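Just below is one structure, and these are the notes that go with it.
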Amino acid sequence: MDATAVEAFRARYRAVIHPRYSGRLHALWIAVAGVSVVAVSVAQLHDVKALEWLVLVVALLLGNVGEYAIHVQLGHRKKRWAKLFYQRHTGDHHSFFTQANMQWQNPRDWRVVLFPAWLIIVVVALIGAPGAWLLNTWGSSNAAWLWLASPAPMCSTKPSTSLIICPMAIGYTGVCRAWRRWRTCIGYIIIAMT
């Protein structure tokens with residue numbers, strides 16, 4: 316996609332963003348939801364054994380592999396039952412951001428970067444809670460709480476983990492620019508909270 320087509324797509328995309336959408340509130344909600352799940356889970360821990368800590372490691376590894384598989388299988392391959400995901404990822408995200416232009420201009424552009432606000436609830440409910448129930452039933456409560464704590468940060472920190480996954484695609488300069496933008500995003504979140 317050439318620069319003119321990208322700018323035309325961006326203008327069309329921005330024109331249909333709801334007037335009340337706030338990128339700062341969107342980012343704040345995702346951060347608060349993720350931190351809350353982790354805080355509640357960590358508050359329940361007591362006398363954690365070394366083997367129980369492995370649950371966290373396994374959960375984070377499985378989460379990353381799962382997120383990558385979903386990204387490739389549903390985000391880059393059109394499936395009839397996952398049209399919305401494909402459209403949002405490949406159609407919107409990869410048309411808004413190209414290798415030549417990965418910059419966002421204002422926090423309203425975060426709508427195409429951040430996961431939908433409801434996704435963190437779905438992930439915790441469909442992945443975190445059932446896994447925690449199984450671990451609590453057949454393992455320990457600590458293992459269950461560590462499992463439950465693992466998916467929320469992955470949803471909350473996706474913009475920064477993207478910088479780790481694809482630095483070769485945008486090069487060192489692109490990573491530095493993107494990191495500066497992410498730091499600015501964190502600054503906006505802190506300002507919004509004060």
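For the sequence shown, counting from 1, position 176 maps to 491 in this note's numbering; every step adds exactly one. Yeah, the Cβ is synthetic: ideal placement off N, Cα and C, and Gly gets one too. For clarity, every value in this text was computed on a predicted model and none was experimentally measured.
Beta-bridge partners of N416 (DSSP): T413. Cβ atoms of F411 and Y328 come within 8 angstroms of each other, at about 6 angstroms.
Assignment of beta strand (DSSP E) within the segment 364 to 410, counting only whole runs of 3 or more residues, yields no such run. Excluding the 5 residues flanking it on each side, L360 has same chain C-beta neighbours closer than 8 angstroms at N457, W460 and L461, in chain order. When DSSP states are grouped into helix, strand and coil, F324 belongs to the helix group. Between S356 and L463 the beta-carbon gap is near 5 angstroms, inside 8 angstroms, which marks them as a contact. By a beta-carbon distance limit of 8 angstroms, Y383 does not contact K394. Their separation comes to about 16 angstroms. Excluding the 5 residues flanking it on each side, A447 has same chain C-beta neighbours closer than 6 angstroms at A459, W462 and L463, in chain order.
The alpha-carbon of L434 is positioned some 29 angstroms away from that of A323.
For P468 against G338, the beta-carbon gap comes to about 20 angstroms, at or over 8 angstroms, which does not count as contact. Contact annotation, H333 with A432: C-beta distance approximately 13 angstroms; criterion of less than 8 angstroms not satisfied.
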